[in-house]
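K.L.:
Read in the working numbering, the sequence shown has 159 at position 169, and its numbers run on one by one without any break.
Ideal Cβ positions, reconstructed from N, Cα and C, are used throughout, including at glycine.
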Amino acid sequence: MNINKLIETIETGGLDDKFTSLYPGADILEVRTRYLDAAGNFLGMFGPGREVMLLSVPGRSELSGNHTDHNCGCVIAASVDLDIIAVASPRPDRQIRLKSEGLPQNRVDIDKYTRPDPALYGNSDSLIAGVCAGFAQSGYAVGGFDAYTTSKIAKGAGLSSSAAFEVMVGCILNHMYNGGKVDSVSIAKVAQYAENEFFGKPCGLMDQIACAYGGIVAIDFADPKSPVIEKLNFDLTKRGYNLCIVDSGGSHAGLTDEYAAVAAEMRAVASHFGRACLREVDEKELMSAIPELRVACGDRAVLRALHFVGENRRVAEQKQALREGDLDCYFAGVRASGRSSFCYLQNVFSIKNAKEQGLSLALCLAEKYLTGKTAAWRVHGGGFAGSIQAYVKSGDVEGFRRLMDRVFGREACSVLHIRREGALRLC
-9 MNINKLIETI
1 ETGGLDDKFT
11 SLYPGADILE
21 VRTRYLDAAG
31 NFLGMFGPGR
41 EVMLLSVPGR
51 SELSGNHTDH
61 NCGCVIAASV
71 DLDIIAVASP
81 RPDRQIRLKS
91 EGLPQNRVDI
101 DKYTRPDPAL
111 YGNSDSLIAG
121 VCAGFAQSGY
131 AVGGFDAYTT
141 SKIAKGAGLS
151 SSAAFEVMVG
161 CILNHMYNGG
171 KVDSVSIAKV
181 AQYAENEFFG
191 KPCGLMDQIA
201 CAYGGIVAID
211 FADPKSPVIE
221 KLNFDLTKRG
231 YNLCIVDSGG
241 SHAGLTDEYA
251 AVAAEMRAVA
261 SHFGRACLRE
271 VDEKELMSAI
281 PELRVACGDR
291 AVLRALHFVG
301 ENRRVAEQKQ
311 ALREGDLDCY
321 FAGVRASGRS
331 SFCYLQNVFS
341 IKNAKEQGLS
351 LALCLAEKYL
361 TGKTAAWRVH
371 GGGFAGSIQA
381 YVKSGDVEGF
391 RRLMDRVFGR
401 EACSVLHIRR
411 EGALRLC
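1) Quick one: what does DSSP say Ala295 is sitting in, helix, strand or coil?
2) Roughly how far, in whole angstroms, is the beta-carbon of Ala153 from the beta-carbon of Gln198, given that I think they are within contact range, below 8 Å?
3) How big is the Cα-Cα spacing for Ala380 and Glu357?
4) Out of Cys122, Ala260, Gly169, point me to the one whose CA is closest to Arg415's CA.
5) Could you pull the start and end residues of the alpha helix (DSSP H) that Lys179 belongs to?
6) Grouping DSSP H, G and I as helix and E and B as strand, with all else coil, what is Tyr320?
7) Identify every run of the beta strand (DSSP E) within the segment 325 to 411, keeping only runs that are complete inside it and at least 3 residues long; order them along the chain.
8) Counting beta carbon pairs with one atom in the segment 248 to 264 and one in the segment 289 to 308, are three or more of them shorter than 8 Å?
9) Between Leu88 and Thr139, how many whole angstroms is the CB-CB distance? I'm expecting something under 8 Å.
10) Considering only residues of the same chain and omitting the five flanking positions on each side of Gly194, which have a CB-CB separation below 6 Å?
11) Just tell me which of Ser327, Ala322, Glu346, Ile378 has its CA closest to the CA of Ala365.
12) Going by C-alpha to C-alpha distance, which of Asn(-6), Phe9, Lys215 sits closest to Asn31?
13) In angstroms, rounded to a whole number, what distance separates the CA positions of Ala375 and Glu(-2)?
14) Note down, one range per segment and in chain order, each beta strand (DSSP E) of at least 3 residues found wholly within the segment 84 to 128.
15) Would a C-beta distance cut-off of 9 Å place Ser46 and Asp17 closer than the cut-off?
16) Could I get the ranges of all uninterrupted alpha helix (DSSP H) runs contained in the segment 3 to 69, with 4 residues as the minimum, in chain order?
17) Determine the DSSP secondary structure at Phe135, reduced to helix, strand or coil.
18) Looking at the secondary structure, which residues open and close the alpha helix (DSSP H) in which Cys234 lies?
19) Quick check on DSSP: helix, strand or coil for Arg313?
20) Run through the segment 215 to 287 for me and flag every whole beta strand (DSSP E) of 3 or more residues, listed as ranges in chain order.
21) Since Asp210 is in the beta strand (DSSP E), which residue starts that stretch and which ends it?
22) So the alpha helix (DSSP H) Ala413 belongs to, where does it begin and stop?
23) Our contact map puts Arg368 next to Val324 with C-beta atoms below 8 Å; I'd like the distance itself, whole angstroms only.
24) So with Cβ pairs under 9 Å, would you call Lys345 a contact of chain D?
25) Where does Leu72 fall in DSSP's three states?
26) Roughly how many angstroms lie between the CA atoms of Val236 and Gly39, to the nearest whole one?
27) Can you say whether Ser331 is buried or exposed, counting buried as having 16 or more other CB atoms within 10 angstroms of its CB?
28) Any heavy atom of the ligand MG within a distance shorter than 8 Å of the CB on Ser377?
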C-alpha cells in the first residue's frame, strides 16, 4: 500500500475494526492519531511515494513461571495491549534504516554486520543485525528496509520491550521478504538468538514467544528447540478483574550479571547431578542432596533451585486452574509464586544497591491494599528492578492506581488487557 493511501485509509476508518480488536476499550480516535503520527513521521523521514506495510507486536506479561524458561521449565505468559507499531518499506540495497520515536536512527549494513561484536553489546543495532543473521542462518530471505516505529511498551517495566523490538524486526523481514510464511516460534527463536549472541544478554525464550504468538499461552521448554505451546482461553475481564502492572522505577543498567547468575546457579546445581539443566533433576533428588549442594554451590544456588522445582509445579497447577476457570486456585498460585521469588529466587532487589528497593516497596503496598479483597500480586518478569504484577477487582482499581501513582509517580500503574493477537501485519 502506498504511504499516502495508508494515511487516507486510517483517516477514513478503514482500519477501525482491526484497531478495536487490538485495543479493546480504547478511544478509537486516539488510536487513529497514534497510527497517523507514525505514518506521517515515516513520510517526513523517508519520503513520498513509498510502498509500505503496517505492523504491530505486543508486549508480554509473565503470568507464571518466574525464571524457569532458561532451565527448560514451564511458564504461562500473555500478550498485552501495549505494543510497538511500525511503518516499513523495502529498500533495493542491503541497508536497514530504522527510526524509533525519541531515539537516534539505527543504521545497519546486513552484509557487513554478520557476527556478534562485543563492542556493540547492549546497542539496538546489534538486535537488528542479530535478527537478520538469525534469519539468514535459518535459510530465510533477508533484505534492506526503512522503518519508523513507536512503542507503548515502557522500557524497564517488565513487558519485554527488547523482545517486542526483536520480534518486530523479524515480523518485517517475514512479511517483506518471506511472504509471511515464517511461523511465530521460528521468529521467536531468531529473536532470542539476537538477544543472547548479538546483544550480549542471556535470556530464555518465553518473552519472544509470548510477543510473537499472542493470547494466554502455556509453554513447556523441556525441549527448548521444540517448545510445546498450549493456548489457554480465559477472559480475566469477564470475571471482573484487571491486570495491573506497576513500574516501581529503578534502572536495569549493570544488572545483566545478576540476571545471568540466576540461570548459572541453577545450572550449577544441575551439574552436580550430571545434568544439563534443573528440569532434569527430580525434586526428591534435590532435597536429599542439599547438604552436599550447600558446600558445592552455595546456599543461594540451593534456594534458587528449590524455587525452580516449586515454581514448575505451580505452573502446572495454575494452568489447570485456568482451564477450569478456578480463579481462587490461580490467585493462590500467583501469591505463592511471589513469595518464592522474594524469599528463595531473590530477584526483588539487587545486592549491588540494597538501598534501592522499589520492587520490595511496591509488593509491600500491594499486599497492604489488596489483602482481604480476593486479589493477587507478585514480582513481574526478570526482577531486580522494574515492575510488579497485580490482579485487582474492577471496583478496586482506581484506589490501587492512586496509591501506586502517588508513591512511584504519575502513570506508574498501567491497567492492561490481554491481547488475542500476537505479531501481525495490519495491511
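P.N.:
If we stick to the structure as given:
1) For the purposes of this step, residue 295 is taken as residue 305 along the sequence shown, with counting starting at 1. If DSSP states are grouped into helix, strand and coil, Ala295 belongs with the helices.
2) As a first step, residue 153 is located in the sequence shown; it is residue number 163 there, counting from the start. As a first step, residue 198 is located in the sequence shown; it is residue number 208 there, counting from the start. Going by Cβ atoms, the distance from Ala153 to Gln198 rounds to 5 Å, so yes, they are a contact pair.
3) The residue given as residue 380 occupies position 390 in the sequence shown. The residue given as residue 357 occupies position 367 in the sequence shown. Approximately 10 Å between the Cα atoms of the pair.
4) On the sequence shown, position 425 is the one that residue 415 refers to. The candidate whose alpha carbon is nearest that of Arg415 is Gly169.
5) Indexing the sequence shown from 1 puts residue 179 at position 189. That run of the alpha helix (DSSP H) goes 174 to 183.
6) In the sequence shown, counting from the first residue as 1, residue 320 sits at position 330. Helix, per DSSP.
7) 366 to 370, 377 to 383, 403 to 406
8) yes
9) What you label residue 88 is simply residue 98 of the sequence shown in a count that begins at 1. What you label residue 139 is simply residue 149 of the sequence shown in a count that begins at 1. Their Cβ separation, rounded to whole angstroms, is 7 Å, which keeps Leu88 and Thr139 in contact under 8 Å.
10) In the sequence shown, residue 194 corresponds to position 204, counting from 1. Asp59, His60, listed in sequence order.
11) Locating residue 365 in the sequence shown gives position 375, counting from the first residue. For the residues Ser327, Ala322, Glu346, Ile378, the minimum Cα distance to Ala365 belongs to Ala322.
12) Your numbering for residue 31 matches position 41 in the sequence shown. Nearest of Asn(-6), Phe9, Lys215 to Asn31, Cα basis: Asn(-6).
13) In the sequence shown, residue 375 corresponds to position 385, counting from 1. In the sequence shown, residue -2 corresponds to position 8, counting from 1. Answer to the nearest angstrom: the Cα atoms are 42 Å apart.
14) 85 to 90, 96 to 99
15) Working through the sequence shown from its first residue, we reach residue 46 at position 56. Working through the sequence shown from its first residue, we reach residue 17 at position 27. No, these two residues do not count as a Cβ contact at 9 Å.
16) 6 to 12, 18 to 36
17) Residue mapping note: residue 135 aligns to position 145 of the sequence shown, counting from 1. Note: Phe135 maps to strand in three-state DSSP.
18) Position 244 of the sequence shown, counting from 1, holds the residue named residue 234. From DSSP, Cys234 is part of no alpha helix (DSSP H) but of the beta strand (DSSP E) over 231 to 237.
19) One-based indexing of the sequence shown puts residue 313 at position 323. In this structure, Arg313 counts as helix in the three-state DSSP scheme.
20) 218 to 222, 231 to 237
21) Here residue 210 is taken as the residue at index 220 of the sequence shown, counted from 1. Element bounds for Asp210: 206 to 210.
22) For this step, residue 413 is matched to residue 423 along the sequence shown. Counting along the chain, Ala413 falls outside any alpha helix (DSSP H), and DSSP gives it neither H nor E.
23) Along the sequence shown, read from residue 1 onward, the residue named residue 368 stands at position 378. Along the sequence shown, read from residue 1 onward, the residue named residue 324 stands at position 334. 5 Å between Cβ atoms; contact.
24) The displayed structure is made up of one protein chain only, and chain D is not part of it.
25) Numbered from its first residue, the sequence shown carries residue 72 at position 82. Leu72 falls in the strand class under three-state DSSP.
26) The residue given as residue 236 occupies position 246 in the sequence shown. The residue given as residue 39 occupies position 49 in the sequence shown. Near 42 Å, if we compare the C-alpha coordinates of Gly39 and Val236.
27) Within the sequence shown, residue 331 is the residue found at index 341, counting from 1. Classification of Ser331: buried, given that the 10 Å Cβ count is 16 or more.
28) In terms of ligand content, the structure shown is empty, and the ligand MG therefore cannot be addressed.
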